[in-house]
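Structure first, commentary second.
Numbering (mature numbering (1 follows the signal peptide of the UniProt record, and there is no 0)), first residue to last: -28 to -1, 1 to 473.
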């Protein structure tokens, strides 16, 4: 489906019929709504809730989701776009193709018992009814299943391998090279394993994920025949990124902030990631399209994140080397209202974290901002599972805050932050119950305020990240130098005239 201009208008009309679009024409470029330094305090819980209600209603009106390539996603993006246009932002819609995937069958039978399994995105599919073959459990080591020799001879067998050290695509490719007809990857931490092979071209054999809790049952069945059915619909579709930037600020030191706005096909995606999307939206609305800032701010609402970070990856790769250099830093917000919330920021320690230089300053900025709001964040290593990944790959400093997904809250975290230990931060992650009832609104509000604090600060100066002084300081220095030069010239002229007398 190609999203031409008439489609954007249609989506706006759909949203209007649902009572989601504000009445009135778009205003001319708006001045800054909130003075610099006060942006975080302007983010109100009630405004964030109102935007989330809109996202829930959009999902309800479109098959229960806002998945990329659907009218639900498009209507969500146009809800954001209309409000930004009314604040005077410059709006761009960047179209791109992606491979849409949807699960058709997930079944694993071991010893006559069903074991939960999740088909990995972009996996090859089994025949309908599945395939039956001997199970071959691969011995775990420091790099389990990352090379073909790790598997031995698994010709005609279903390989079972532990998660870790290399990506899922590499594991299934190595298993295929060793002769396996399918691969099962079990989690190396508690919980289910939802994974992706990244793209359809990487897929070699049917591949599924299994929870750590079920791994031993499979290991004990080593050598026995098992049956697995993993089938997935795959088709080419088109969607778009929505990008909005201020009309003010220098364009060679851009502060960029993004959040994906698409959901999975299985639910409305209110925590994942309407929370991040509306936090970013309200920040932009309060800032206004023409604020008095030193650095241009560019906001992005990514499409097709749930299909392998497709939108953000397309965006970064569409930029020239100079355009990439124009981006001072990238801030990412993915799930900021988890119901059993943790409070996390990315560990940007340089060089140990593997993130670009400057990321540590962003970590410190978020740590200080949240501390100012009585929240002690934990800095966690990045895992490449969100839209910061391609920015970091090209050397652009990154950072952000988030509240956790399928991982479980520890006793220490529960004591520090409240909530329930031993329970996932978001038990409805990627499921139909990720709805309005799946949000900690206090966490959403404080993270929304914290992200606005940091965007506000970097709009004025990125000196701690890349050494570039604020433009106004440079301007003052230039004026001072000009005056000094004029004074020197005047003195020289006076001296010359004195000598001539």
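Note that CB positions come from ideal geometry on N, CA and C, so glycine has one too. Here the structure is a predicted model, which means the values were calculated and not measured.
Beta-carbon proximity list for residue i, same chain, < 6 Å, skipping 5 on both sides
i, result
"residue 77", "201, 203"
"residue 431", "227, 265, 267, 269"
"residue 150", "120, 123, 126"
"residue 337", "426"
"residue 41", "72, 209, 211"
"residue 341", "422, 425, 426"
"residue 433", "442"
"residue 354", "318"
"residue 216", "56, 61, 63, 271"
"residue 186", "87"
"residue 275", "40, 211, 212, 213, 234, 283"
"residue 415", "309, 313, 375"
"residue 43", "34"
"residue 138", "118"
8 Å CB neighbourhood of residue i in its chain, flanking five on each side removed
i, result
"residue 403", "238, 239"
"residue 350", "314, 315, 316, 317, 385"
"residue 101", "201"
"residue 36", "239, 240, 404"
Opposing strand residues paired with residue i [DSSP bridges]
i, result
"residue 235", "39"
"residue 138", "136"
"residue 106", "197"
"residue 69", "210"
"residue 267", "222"
"residue 216", "63, 271"
"residue 27", "DSSP, once it has assigned bridges, lists no residue as partnering residue 27."
"residue 230", "272, 304"
"residue 131", "108, 155"
"residue 203", "77"
"residue 316", "350, 374"
"residue 299", "226"
Reference residue i, options the options, closest by Cα
i, options, result
"residue 72", "64, 93, 135", "93"
"residue 113", "107, 415, 121", "121"
"residue 517", "429, 129, 308, 162", "The first residue shown for the chain is -28 and the last is 473, placing residue 517 beyond what the model contains."
"residue 109", "37, 315, 191, 33", "191"
"residue 158", "282, 132, 147", "132"
"residue 396", "380, 406, 407", "380"
"residue 352", "335, 461, 217", "335"
"residue 154", "140, 160, 161, 162", "140"
"residue 413", "7, 184, 256, 21", "21"
"residue 160", "181, 169, 65", "181"
"residue 58", "411, 323, 253", "253"
"residue 196", "83, 347, 435, 356", "83"
"residue 287", "241, 232, 308, 331", "232"
"residue 388", "347, 247, 416", "347"
"residue 111", "174, 135, 98", "135"
"residue 70", "207, 117, 257, 189", "207"
"residue 104", "297, 293, 9, 198", "198"
"residue 223", "461, 339, 440, 391", "440"
"residue 85", "184, 27, 189, 175", "189"
"residue 356", "259, 219, 294, 168", "168"
"residue 296", "343, 278, 10, 366", "366"
"residue 65", "391, 273, 359", "273"
Whole-number beta carbon distance between residue j and residue i, since they are thought to touch under 8 Å
i, j, result
"residue 193", "residue 107", "5 Å"
"residue 80", "residue 89", "4 Å"
"residue 419", "residue 375", "7 Å"
"residue 378", "residue 406", "At roughly 12 Å, the Cβ-Cβ gap does not stay under 8 Å, so residue 378 and residue 406 are not in contact."
"residue 225", "residue 306", "So it is not a contact: roughly 25 Å between Cβ atoms."
"residue 284", "residue 230", "7 Å"
"residue 45", "residue 39", "6 Å"
"residue 333", "residue 437", "5 Å"
"residue 299", "residue 328", "The pair is not a contact, with the Cβ atoms about 11 Å apart (cut-off 8 Å)."
"residue 25", "residue 408", "7 Å"
"residue 280", "residue 170", "5 Å"
"residue 247", "residue 411", "6 Å"
"residue 8", "residue 428", "6 Å"
"residue 30", "residue 48", "5 Å"
"residue 236", "residue 278", "5 Å"
Close-in-space but distant-in-sequence residues of the same chain around residue i (CB under 7 Å, 5 per side omitted)
i, result
"residue 383", "393"
"residue 205", "73, 74, 76"
"residue 177", "96, 144, 147, 148, 152, 153, 154, 155"
"residue 330", "301, 369, 437, 438"
"residue 401", "244, 377, 378"
"residue 320", "327, 331, 332, 334, 335, 371"
"residue 166", "90, 181, 402"
"residue 322", "329, 331, 332"
Within-8 Å CB hit, residue i to chain D
i, result
"residue 137", "Structure shown: chain D not included; a single protein chain is present."
So within the region 72 to 105, which uninterrupted beta strand (DSSP E) runs reach at least 3 residues, ignoring any that extend past its ends?
Counting only runs of 3 or more, we get nothing.
Every unbroken beta strand (DSSP E) inside the region 147 to 192 [3 residues or more]
If we require 3 residues or more, the beta strand (DSSP E) runs fully inside the region 147 to 192 come out as 154 to 158, 179 to 182.
Just list the beta strand (DSSP E) runs in the region 338 to 404, keeping only unbroken ones of 3 residues or longer that don't cross its boundaries, in chain order.
Taking only runs of at least 3 residues, the beta strand (DSSP E) segments lying wholly in the region 338 to 404 are 350 to 352, 370 to 374.
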